[in-house]
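Structure first, then comments.
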Amino acid sequence: AAALTSLLPLLARQLPGGDAATFTLLLAAMGAGAVTLALNMAWVRQHMSGDRLIRDGALLQAVATAAMAFAPNVWIALPLMFMSGVATISVANALSVSAQLALPNWVRARGMSIYQMSLMGGGAIGAAIWGQVATHTTLRTALLSAAVFGALTMTLIRRRHQLDPATEEDLTPSEALRPPILPTVVDPSAGPVLTTIEYRIDPERADEFRAVMAQSRRSRLRQGALSWELFRDAAVPGRYVEYIVDESWVEHLRRFDRITSDDVAWRERRLALHISPEPPRVTRCIAEPVGRA
């Protein structure tokens, strides 16, 4: 899409009788395709999944871009630009919905801002790259190269996804864990806060425990922890200590609001590997301002 849009003024001039009006018509056809699909998106989503929208949209964009390289006149170019508009909005809509569904509630606004920055920045970089390709080769070469690159990239991404499918996470907010109730009131700004959790693990299942804790690390950091580590007792086999550092007491409490159903499932896996009759020992320590100015 970036290649076709950025090279559209050159393409309009190369068509027979091409002028500013030709460029306007081509751009309007692309917009008409985008608006048409947007108005019928509810019906489309009933018949196509998000993955299929992205796949088919990317391939349709590649076909439209390649065909535009050989368009003999504006009457052939107009329906191709309409197809490009349909493809562009289908992919953009599917990606936007997927991003919003994948992001946890507490970080969705920030995550979507990064997504929008990546989308716009990627379009700008793509336009610059394909513009340079057209400058040093020909317009047809640039369009064909962009079409092949888009189709090849989509094929490789789908193949990698099939060979190494990512585990779907259930990011539904969970209230299974509640903040601790302390005998004294803690200043919300006090911190950093160090949380330690002590586990007793069968040494023969140490590798399995470490694999579970690797995912736990990801969960803790996603919830907002500053740092995370897992320590093994050098003197006592099977004794492990997980430590988590939060910026302040209020940030420590906020992590409980960010716990998802997936986090609870990983917690159950950790507890299943804990062999002591007592639950893992949890301690929470607040930094003292010793030696601070």
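The sequence shown begins at 55 in this note's numbering and counts up one residue at a time.
Idealized CB from N, CA, C, for every residue including glycine.
Worksheet item: In three-state terms, what does DSSP make of Thr76?
Response: helix
Item to complete: Identify whether Leu236 lies in helix, strand or coil by the three-state DSSP scheme.
Response: coil
Worksheet item: Comparing alpha-carbon positions, which option in Glu301, Ala178, Leu81 lies nearest Pro242?
Response: Glu301
Worksheet item: With respect to the alpha helix (DSSP H) encompassing Trp184, which residues constitute its N-terminal and C-terminal limits?
Response: 162-190
Worksheet item: Near Pro219, which residues of its chain fall below 7 Å by C-beta distance, leaving aside the five closest residues on each side in sequence?
Response: Summary for Pro219: the model assigns pLDDT 45, below 50, so the residue's position carries little reliability; its value from the coordinates is reported in the next sentence. Nothing meets the Cβ criterion.
Fill in: DSSP three-state assignment for Ser281, whether helix, strand or coil
strand
Discussion item. Here's the rule: buried if 16 or more other CB atoms are within 10 angstroms of the residue's CB, otherwise exposed. What is Asn159?
Written reply: exposed
Worksheet item: Using 8 Å as the threshold, is the region 245-255 in touch with the region 139-159, meaning 3 or more CB pairs across them?
Response: no
Fill in: Distance, Gly180 Cα to Thr191 Cα
16 Å
Worksheet item: Can you give, in chain order, each stretch of the alpha helix (DSSP H) that sits fully within the region 121-150 and has at least 4 residues?
Response: none
Worksheet item: Are the region 118-129 and the region 62-79 in contact at 8 Å, needing three or more beta carbon pairs?
Response: yes
Worksheet item: Which term fits His101, buried or exposed, when burial requires 16 or more other beta carbons within 10 angstroms of its beta carbon?
Response: exposed
Fill in: Candidates Gly292, Ala56, Arg232: closest to Gly185 by CA position
Ala56
Worksheet item: So who's on the other strand from Glu342, going by DSSP bridges?
Response: Glu342 pairs with nothing; no bridge assigned.
Worksheet item: Rounded to a whole number of angstroms, what is the C-alpha to C-alpha distance between Ala120 and Phe136?
Response: 14 Å
Worksheet item: Could you give the distance in angstroms between the alpha-carbon of Phe263 and the alpha-carbon of Trp303?
Response: 28 Å
Fill in: Proximal residues to Pro63 (C-beta, below 7 Å), its chain only, five neighbours per side dropped
Phe77
Worksheet item: Near Leu134, what residues of its chain come up, given a Cβ to Cβ distance below 7 Å and the 5 sequence neighbours on each side ignored?
Response: Ala118, Ala121, Met122, Ala125
Discussion item. Please give me, in chain order, every unbroken run of the beta strand (DSSP E) with length at least 3 that falls completely inside the region 283-319.
Written reply: 293-300
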